[in-house]
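In mature numbering (1 follows the signal peptide of the UniProt record, and there is no 0), the protein residues as written are -18 to -1, 1 to 211.
Structure representation (structure tokens):
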């Protein structure tokens, strides 16, 4: 039995592309079986809009937040085109988009609300929604989506270049500038996969499962209750 399970595990762990795995006869007492599995690469970028250029991390991060937080049908190119309309396109291609570019596009182009907050690291776990943050990694400024921080100090990141990442608060704050950019508007999906990422393999308890966003939670951060409905 242990050999059968080990064989199944090895088959699943070596997949690099999505596939249907057939388990006929591998599990005693069970007949024909098939399982749809997600490839290692797909899992790494699950629920993330990947950036396609070296300057578009801001556009890809915003597209990730809009698509998986608000179920808005968009992509990096569409967001990037919109941001070019409200920014200096030449500067953006050279230096990347800024938080102001993101704010202008969201508010002028989408009619949603954007607010930046300067908060201490020990308050990150209280954030009720995923946010966009700017990291400085050895001089390289890079936008990512901060999905959540749990009570155990695990920081869950949707990185448009590197995929889904989990790190400690200490590691996160080494490059974080202390500012989060919140995007709020009608239609936020309280069961968004960004708000409820899978815990790291070392975390076995579900006690820290992220609670749904409530109007009361958002009012603590200055949002109007009606914006969620």
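By construction, the Cβ of each residue, glycine as well, lies at the ideal position given by its N, Cα and C atoms.
Checklist entry - Which value, in whole angstroms, describes the spacing of the CA atoms of residue 72 and residue 37? => result Sequence index remark: in the chain shown, residue 72 carries index 90 (1-based). Sequence index remark: in the chain shown, residue 37 carries index 55 (1-based). For residue 72 and residue 37, the distance between alpha carbons rounds to 11 Å.
Item to check | Own chain residues within Cβ distance below 7 Å of residue 135, not counting five before or after | outcome: Translated into the one-based positions of the chain shown, residue 135 becomes position 153. Answer for residue 135: 150 and 151, listed in chain order.
Next on the checklist: Between which two residues does the beta strand (DSSP E) holding residue 87 run?
Outcome noted: On the chain shown, residue 87 is found 105 positions in, with the first residue counted as 1. Where residue 87 is concerned, there is no enclosing beta strand (DSSP E), given that its DSSP letter is neither H nor E.
Next on the checklist: Just to confirm my understanding: we take residue 144, look at its own chain, exclude 5 residues before and 5 after, and list those with CB closer than 7 Å. What are they?
Outcome noted: Here residue 144 is taken as the residue at index 162 of the chain shown, counted from 1. Excluding sequence neighbours, residue 144 sits near nothing in its chain.
Checklist entry - Roughly how many angstroms separate the alpha carbons of residue 251 and residue 66, rounded to a whole number? => result Residue coverage of the chain in this structure runs from -18 to 211, which leaves residue 251 outside it and unanswerable.
Checklist entry - Relative to the C-alpha of residue 102, which residue among 62, 170, 120 and 161 is closest? => result Mapped onto the chain shown, residue 102 falls at position 120. Of the listed residues, the one whose Cα sits closest to residue 102 is 161.
Checklist entry - If we call anything under 8 Å between Cβ atoms a contact, is residue 140 one with residue 30? => result Here residue 140 refers to the residue found at position 158 when the chain shown is read from its first residue. Here residue 30 refers to the residue found at position 48 when the chain shown is read from its first residue. Cβ distance < 8 Å, so residue 140 and residue 30 count as in contact.
Item to check | Boundaries (first-last residue) of the beta strand (DSSP E) holding residue 66 | outcome: Here residue 66 refers to the residue found at position 84 of the chain shown. Looking at the DSSP string, residue 66 is not in any beta strand (DSSP E); the run it does join, the alpha helix (DSSP H), is 58 to 66.
Checklist entry - Leaving out the 5 sequence neighbours to the left and right, which residues in its chain are closer than 8 Å to residue 51 when beta-carbon positions are compared? => result Within the chain shown, residue 51 is the residue found at index 69, counting from 1. Contacts found: 111, 112, 165, 170, 171, 174, 176 and 177.
Checklist entry - Where residue 23 and residue 93 are concerned, what is the direct C-alpha to C-alpha distance, given to the nearest angstrom? => result Start at 1 with the first residue of the chain shown, and residue 23 comes out as number 41. Start at 1 with the first residue of the chain shown, and residue 93 comes out as number 111. Between residue 23 and residue 93, the alpha-carbon positions lie close to 34 Å from each other.
Checklist entry - For the putative contact between residue 40 and residue 83, defined by C-beta atoms under 8 Å, what is the C-beta separation to the nearest angstrom? => result As a working mapping, residue 40 is identified with position 58 in the chain shown. As a working mapping, residue 83 is identified with position 101 in the chain shown. Rounded, the Cβ-Cβ distance is 7 Å, consistent with contact.
Checklist entry - What do you reckon, are the CB atoms on residue 32 and residue 42 nearer than 8 Å? => result In the chain shown, counting from the first residue as 1, residue 32 sits at position 50. In the chain shown, counting from the first residue as 1, residue 42 sits at position 60. Yes, Cβ-Cβ distance for residue 32 and residue 42 is below 8 Å.
Next on the checklist: Could you compute how far the alpha carbon of residue 59 sits from the alpha carbon of residue 96?
Outcome noted: Walking along the chain shown from the start, residue 59 turns up at place 77. Walking along the chain shown from the start, residue 96 turns up at place 114. Looking at the two C-alpha atoms, the distance is approximately 20 Å.
Checklist entry - Taking C-beta to C-beta, are residue 127 and residue 154 nearer than 8 Å? => result By 1-based counting over the chain shown, the position of residue 127 is 145. By 1-based counting over the chain shown, the position of residue 154 is 172. Cβ atoms of residue 127 and residue 154: not closer than 8 Å.
Checklist entry - In angstroms, rounded to a whole number, what distance separates the CA positions of residue 78 and residue 44? => result Residue 78 sits at position 96 when you count from the first residue of the chain shown. Residue 44 sits at position 62 when you count from the first residue of the chain shown. Distance between the alpha carbons of residue 78 and residue 44: 13 Å.
Checklist entry - Taking the runs of the beta strand (DSSP E) that are 3 residues or longer, which of them lie wholly in the segment 138 to 180? => result As far as the segment 138 to 180 is concerned, its whole beta strand (DSSP E) runs of at least 3 residues are 145 to 150 and 158 to 166.
Checklist entry - What span of residues does the beta strand (DSSP E) with residue 98 cover, start to end? => result Position 116 of the chain shown, counted from the start, is the residue given in the question as residue 98. Residues 95 to 100.
Checklist entry - residue 75 to residue 47, Cα distance in whole Å? => result Against the chain shown, residue 75 aligns to sequence position 93. Against the chain shown, residue 47 aligns to sequence position 65. Answer to the nearest angstrom: the Cα atoms are 21 Å apart.
Checklist entry - Do you know offhand how far residue 85's Cα is from residue 108's? => result Reading the chain shown from its first residue, position 103 is the one you call residue 85. Reading the chain shown from its first residue, position 126 is the one you call residue 108. Distance between the alpha carbons of residue 85 and residue 108: 23 Å.
Checklist entry - Measuring CA to CA, which of 159, 104 and 87 is closest to residue 117? => result Translated into positions along the chain shown, residue 117 becomes position 135. Among 159, 104 and 87, the Cα nearest to that of residue 117 is on 159.
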